[in-house]
Structures are given as structure tokens and as C-alpha cells.
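Heads up, the thing below is written out as C-alpha cells.
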Amino acid sequence: MEGRWRHLPPWAQAWVALASLLGLGLVLYYLLGSPLTGKALLDFSYYWLLVALFLPLTYLLFPARAGEERPRGYDYALGLGTLGTGLFLAWHGPSMVVRPWTNPEAPWQIALALFLLVAVLEGARRAGGLGFALVALLLAAYPLIAPSLPGLFWGPPLPWTEVLGYAIYSTQGLLGLPMRTVGELLVGFLILAAFLVATGAGEVFLKVASALFGWTRGGAAKVSVVASAFFGSLSGSILSNVAGTGSLTIPAMIRSGFGRTYAAGVEACASTGGVLMPPVMGAVAFVMASLLGIPYGQVVAAAVIPSALYYLSLFAHVDLYAAKHGLKGLHRTELPPLGPSLREGLPFLLVLALLVFALLYLRLERLAPFYALGVLLLFLFLQGKLTWASLHRGLVAAGALIGQTLALILPVGLILAGLLGTGVAPALTGALVQMGQANLYLVLFLGVAIAFLLGMAGVMVAAYILLAVTLAPALARLGEFVPLAVHLFIAYWSMLSAITPPVAVAAFLAARLAGAPPMAVALEAVKLGLAIYFLPFFFLFEPALILQGEWSSILYHTALAALGLLLLVGGLEGQLWGLGPLPLWARALYVVGGILVAIPETLSSLLAIPVLLGSGLWLWGRGKGKRTPPRGLEERR
90 MEGRWRHLPP WAQAWVALAS LLGLGLVLYY LLGSPLTGKA LLDFSYYWLL
140 VALFLPLTYL LFPARAGEER PRGYDYALGL GTLGTGLFLA WHGPSMVVRP
190 WTNPEAPWQI ALALFLLVAV LEGARRAGGL GFALVALLLA AYPLIAPSLP
240 GLFWGPPLPW TEVLGYAIYS TQGLLGLPMR TVGELLVGFL ILAAFLVATG
290 AGEVFLKVAS ALFGWTRGGA AKVSVVASAF FGSLSGSILS NVAGTGSLTI
340 PAMIRSGFGR TYAAGVEACA STGGVLMPPV MGAVAFVMAS LLGIPYGQVV
390 AAAVIPSALY YLSLFAHVDL YAAKHGLKGL HRTELPPLGP SLREGLPFLL
440 VLALLVFALL YLRLERLAPF YALGVLLLFL FLQGKLTWAS LHRGLVAAGA
490 LIGQTLALIL PVGLILAGLL GTGVAPALTG ALVQMGQANL YLVLFLGVAI
540 AFLLGMAGVM VAAYILLAVT LAPALARLGE FVPLAVHLFI AYWSMLSAIT
590 PPVAVAAFLA ARLAGAPPMA VALEAVKLGL AIYFLPFFFL FEPALILQGE
640 WSSILYHTAL AALGLLLLVG GLEGQLWGLG PLPLWARALY VVGGILVAIP
690 ETLSSLLAIP VLLGSGLWLW GRGKGKRTPP RGLEERR
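The opening residue of the sequence shown carries number 90 in the numbering used here; numbering runs sequentially from there.
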């Protein structure tokens, strides 16, 4: 997007900056101004104004075709058309509430709806890829083909104008739950993330990570893991995480001795886990909080242990790989000093601490990012680092990020309209409940398969929401699982296609940055990220891993899961701390045994741990005997 920005003509650059500034003022007025002035802004009008200001930026900053450096006439036409349509509908917001347009009668209402449908799908194609746009179109048009489908998938025949009006103008369509989540919760975090990155937070935390871990064995890869976790938590985007941090960390890993395929796999896995990394996380967390009707901070708290376990396993992979291949860290003279790096990053650390405090303790989900942003700008001003250039970069980055998010979120509203308008979602829920009464594991398998397949379309938010209205209610009604665990389970499996063949978009992008074979990187990423395939099942069957239950149970199951994952990693890498290289039979034993230890079932752990400890002691003794030369040989020396 930065390259595209540089090729915009001056008037288009002014358009982007002005839209971002007006959008920021609009959000602040909606959240803060109404209580102060006593004049409320109608929700409908507010959402349409957001569309008018930010969606056009997608057409300016994302090219219609690969290789286009400058916007073309159709980009400007789409942008101006979306701007005008959004403003017009915002003006008519009150009348749309009094008399809904869900069954449009006037030809101009139908024409506006058709234009918005095309504009939204084109934005989805540019920001999320052709696959995502096609999935959105197919599911949005589902009511038109439902009368021809059998069984559960049948729906009553509806006029196409009514289907179109419901999708565009109803509160269950374009301006439904996903858009309300963006407009009322997510937008503040997107603005904060943009200003953090624009004012240098990413570079500072990369310095801190380098100072902390760069000198250790495999330090370059450990820096990649830490930096990607932080950056992913802020951006909420897997691909921008790979592109943003991977362009720096992948070459550093290659220079320090890591293979190109391995380095790309590490970055792909670290970036994928970042989108569910507290404290900010991605759009899915906000939608989840809205669907469950719980505070956002509760979702953040639930994600802490699974995220920590996942990054612990990645850290262990890197450390054991470096030990096996004799890779040393960088000399301290080549690394930034820790003290100055921490002092430079102190404002960002304090801002994040304030954000966490406001989220978890004060429960100010809507206003917390704005308080944090105000503190950030104050700190930078007092340090003399707040410049007009940094403010301008932050505004442009915020506009681009919100525009991209709208381009990905609005099609999800179309999908929900297609499913809810025909009543197929409740019918599927009922069918899954009946199936689960016969075989619960079959329902879980179907959920995993559907989440993975939908995730292949390119956007995990769409996959998550679709399953949240079908699979999650079924599992909750079966009474077997905690609802929050079910929703996190779906979210994790919706993002796994980013590192899993045949799509593996994160692995393929990392492969391009590393100059490595894409499919080889994807397979390496599956091995490195194997823990994330099991973690959703662990916390689904043991809610203690998402902080549900007594502290003794939480600590016990977390310790077992951590031990099991470390043993699993040792088996996969063929190296274990203190044991040296493992023979093939021991590798298989530790892979299977590690999974058994981590499974939240006491019996499996009690059976597996003694076997693994015994084999480890035998291997240690055998290795010690090999390393100790005979006494006679020592005397001859």
C-alpha cells in the first residue's frame, strides 16, 4: 500500500488524508461527542458515513490487477460512486429506520443496491482475493438458488429485488453484526495500531527483541517469533504481518545460517499465530465478544494461555534446530543495546499496559484505544518525537487499514444475509444437534473441515462468522462444551489454512520473500506449527486452558500441555535438551508421547510420562557413555 500511495497524484493523496481525518473525527463524535453535545448520531447514518469515507480508499490503494502502480479511471469512478452513495444513504438513514428499504420499490433504490453490491464485491476481490469474493457472491445469492436445493438446504422462492434489498439495506445484511462490530469496537483499535506502527513501535520492538534474544543460539529466528507475535497482535492481518516483519527477519535468519525453507516456515507460523495474540488480537475477537455478549477483555484473557503455548512450541523448535545445526547467535556488538532500546520503547510499553488495564479492569472496550492513543501522542510530544510527518503517516495508515477491514467485513454481511434470510442457518444448527446426539466427534470433524475449507477462501473472519451462527449453537446446545471454547476452537481452525497446503497463503508469501520453493515452505510450516492443530482440541475439552475453573486446575493443565508440546517439538526436531540427537524410534516415541501428555486426560499423562522419562534417562546414559572415553585411553593421552 505504501508503494501505491507514492504513485497517487497529489489530489488523490489529499483525498486519502482528508477521508482519514474526517473519519477519525466521525468516530470520536459518535463515541464521545453525542454524550457531550446531547445530539446523537443515528447508527444507520454513522455506518453509511464510514462506508462513504473509508471504502473508496480500497480502490485507490489496492490495484485492480497485479502490476498496476497508478490508479486508473475506473478506480476513481468506483471511489467517487461509493463516496456519493454512502453520503446519500447516510442522509436518508432516518427514513430507512422508519420505513425499511428491505423490499425496494423505486428503481433508483434497486440501482443503488446493485451498485453497492458490485462495489463491495470488487473491494473484497482486491483486499481478500478472488476466492473470497466468489464465496461471498455465492452465499449472498443463496436465497435465489435455495428453492432448487433438496432437504435442509431448501428455501422458499423470493423475488431477486427482495433478496437484494435485504442484503444491502437490512440490519442483518451489509450493516449487520460485522459492520456494527467494526464501527463501534474495532475501528479504535485499527486507528491505534496504525499510529503505533507509523510512530515507530514496530522498529522499536524489533530492536528490543534483538537485544533480548539475538545473542542466543538461533537468535535471529527467536527475534522473528517475538516480533511477529507483537506485530500480528496489532495488525490482526496474517499477510501484512508476513510482509511487514518477514522482509526484515527472513533475510536475518538466512544470514545467520538457517535454511531458506526453514526461515520462511518460521515466519509464516509466527505471523499466523499473531492474529489471535493478546492484547489487541484481530477482528475475530471483537466479533466473538459481540456474538457471545461478553466483555472483549474476557476473550483476550481466554486467548492468553493458548497463544503462550503456541509461541513456546515455536521457540522450542527454533532453539533445538539451532542446537542440532550448531547455529550461534550474533555477537553483542552487532545487536542494539538493551537499555537504550527499552528506554526508546518505554512509551509504547506504557501505552500497551494502559490498553490492557482499560480493557481488563475498567472494561472500556469502545474507548480504551482512544485513551491509549491520547497517551501515546502525549508521550511522543513530550519527547519531541511527534512531528507532522508522523501524524500524517498515522492518518494515512489508519485510513488504509480501516478501508481494507471494511472491504473484508462488508461481504461477510452479505453472507449472513444469504444464510439468515432463508432460515438455512437455524436448520443446519438443528441438523448438527441431531447428528451430535449420535456422534459428537463427527460434528467436530465436520466443523473442522468446514472451517478449514472456508478459511481457504482467504479471510478467517468470514469462516468464523459462518460457523459461529451454525456450528457453535449446535455444540452449545449439546451441552458438552463451554461456548467461549467453541468459538475460539472455530477461530483457530479458520486461520489454519494460512499455513496448510494446498492454499497456505502465509507460507507462500514467506517463500517468495525467502526465495524458497512454496510447497516445501508450506510443509515445513505444518511441521513447525503442528502444535496449533492440537491446541484447539485441548482447550475445547479442558476449559482450564482458557482460564475457566480453579487456579489449581489451570496451572496443572497448563504445565502438562507445555511439557507435552516441548516433548512433541523434540520428537519433530530429532533433538532434545540434554539428550542430544534422537534415534528414529525415540523421535516417534516423543511425538506420540508428547501428544498423550498434553491431552487433557489424566490417565494418558500418567501412562506416558514414566515411559518418556525412562527412555530419556536411558538415552542420556547411553549418550554419556559414548561421550566418555575409556580410562586407558585417557592415561595414554
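Every residue gets a Cβ at the ideal spot worked out from N, C-alpha and C, and that includes glycine.
Kindly indicate which residue of 348, 129 and 376 has the alpha-carbon position closest to the one of residue 551.
When only C-alpha atoms are compared, the closest one is 376.
Let me know the secondary structure DSSP gives residue 682 once reduced to three states.
Reduced to three states, the DSSP call for residue 682 is helix.
Collapsed DSSP secondary structure at residue 533 in the structure displayed:
If DSSP states are grouped into helix, strand and coil, residue 533 belongs with the helices.
Entirely enclosed alpha helix (DSSP H) segments - the segment 628-666, minimum 4 residues:
Counting only runs of 4+ residues, the alpha helix (DSSP H) found wholly inside the segment 628-666 occupies 640-662, in chain order.
How would you call residue 211, buried or exposed, if buried means at least 16 neighbouring beta carbons within 10 angstroms?
Residue 211 is classed as buried because its beta carbon has at least 16 other beta carbons within 10 Å across all chains shown.
In three-state DSSP terms, what is residue 429?
For residue 429, the secondary structure class from DSSP, reduced to helix, strand or coil, is helix.
Using the DSSP secondary-structure output, state which residues sit across from residue 670 in a beta bridge.
According to DSSP, residue 670 bridges with 664.
Look at residue 574 and residue 628 and say whether their C-beta atoms are less than 7 angstroms apart.
Yes. Within cutoff.
If you draw a straight line from the alpha carbon of residue 444 to that of residue 267, how long is it in whole angstroms?
Between residue 444 and residue 267, the C-alpha separation is close to 23 angstroms.
Starting from residue 417 and walking both ways along the alpha helix (DSSP H), at which residues does that stretch end?
Per DSSP, residue 417 belongs to no alpha helix (DSSP H) and is neither H nor E.
Any 3 or more C-beta pairs closer than 8 angstroms across the segment 435-455 and the segment 333-347:
Result no; under three Cβ-Cβ pairs closer than 8 angstroms.
Any contact between the segment 160-175 and the segment 235-249? By contact I mean 3 or more CB pairs, one from each, below 8 angstroms.
Too few Cβ pairs lie closer than 8 angstroms, so no.
Is it true that the CB of residue 653 sits closer than 7 angstroms to the CB of residue 742?
Absent from the structure is residue 742, since the part of the chain shown begins at 90 and ends at 726.
Using the Cα positions of residue 508 and residue 259, report the straight-line distance between them to the nearest angstrom.
The straight-line gap separating the alpha-carbon atoms of residue 508 and residue 259 is approximately 14 angstroms.
For residue 723, which residues of its own chain have a beta-carbon under 7 angstroms away from its beta-carbon, when the five flanking residues on both sides are left out?
Annotation note: pLDDT 36 at residue 723 (below 50); position unreliable, no value reported.
Straight-line Cα distance separating residue 223 from residue 178:
Straight-line measurement puts the Cα of residue 223 at about 26 angstroms from the Cα of residue 178.
Fully enclosed by the segment 304-341, which alpha helix (DSSP H) runs are 4 residues long or longer?
Here the runs fully enclosed are 308-324.
Using a Cβ-Cβ cutoff of less than 7 angstroms, which residues in the same chain neighbour residue 299 once the five nearest sequence positions on both sides are dropped?
Hits under 7 angstroms: 312, 424 and 425.
Mind checking residue 721: buried by the 16 CB within 10 Å criterion, or exposed?
Caution is warranted here: a pLDDT of 37 is assigned to residue 721, below 50, making its placement in the model unreliable, and the coordinate value is therefore given only provisionally. A residue is called buried once 16 or more other Cβ atoms fall within 10 Å of its Cβ, and residue 721, having fewer, is exposed.
Residue 143 and residue 495 closer than 7 angstroms at C-beta:
For the 7 angstroms CB-CB criterion, residue 143 and residue 495 form a contact.
Helix, strand or coil, according to DSSP, for residue 384 in the structure here?
Residue state, collapsed to three classes: coil.
So what does DSSP say about residue 147, is it helix, strand or coil?
Here DSSP, grouped into helix, strand and coil, assigns residue 147 to helix.
In chain order, what residues of the same chain have a beta carbon less than 8 angstroms from the beta carbon of residue 147, not counting five sequence neighbours either side?
Cβ within range, chain order: 212, 215, 216, 492, 493, 495 and 496.
Terminal residues of the alpha helix (DSSP H) in which residue 221 lies:
Residues 219-229.
Check whether the segment 600-614 touches the segment 662-673, taking contact to mean three or more Cβ pairs, one atom from each stretch, closer than 8 angstroms.
Contact between the segment 600-614 and the segment 662-673 is absent, because fewer than three Cβ pairs lie under 8 angstroms.
Could you check where the alpha helix (DSSP H) with residue 170 kicks off and where it finishes?
If you look at residue 170, you'll find it in the alpha helix (DSSP H) that goes 162-180.
Closer than 8 angstroms by C-beta to residue 649: which residues in its own chain qualify, once you throw out the five before and the five after it? Chain order, please.
Cβ within range, chain order: 686, 687, 689 and 694.
Answer with buried or exposed for residue 138, where buried requires no fewer than 16 other C-beta atoms within 10 angstroms of its C-beta.
Its Cβ being crowded by 16 or more others within 10 Å, residue 138 is buried.
Give the C-beta separation of residue 254 and residue 196 to the nearest angstrom, bearing in mind that I take them to be a contact with Cβ-Cβ under 8 angstroms.
In this structure, residue 254 and residue 196 do not form a Cβ contact; the two beta carbons are roughly 13 angstroms apart against a cut-off of 8 angstroms.
What span of residues does the alpha helix (DSSP H) with residue 105 cover, start to end?
Counting along the chain, the alpha helix (DSSP H) containing residue 105 begins and ends at 99-117.
Among 367, 183 and 286, which one has its Cα closest to the Cα of residue 480?
Of the listed residues, the one whose Cα sits closest to residue 480 is 286.
Going by the beta-carbon positions, is the gap between residue 74 and residue 120 smaller than 7 angstroms?
No statement about residue 74 is possible, as the shown extent of the chain runs from 90 to 726 and does not include it.
So, helix, strand or coil for residue 616, using DSSP?
If DSSP states are grouped into helix, strand and coil, residue 616 belongs with the helices.
Assign residue 564 to one of two classes, buried (16 or more other C-beta atoms within 10 Å of its C-beta) or exposed (fewer than that).
Classification for residue 564: buried.
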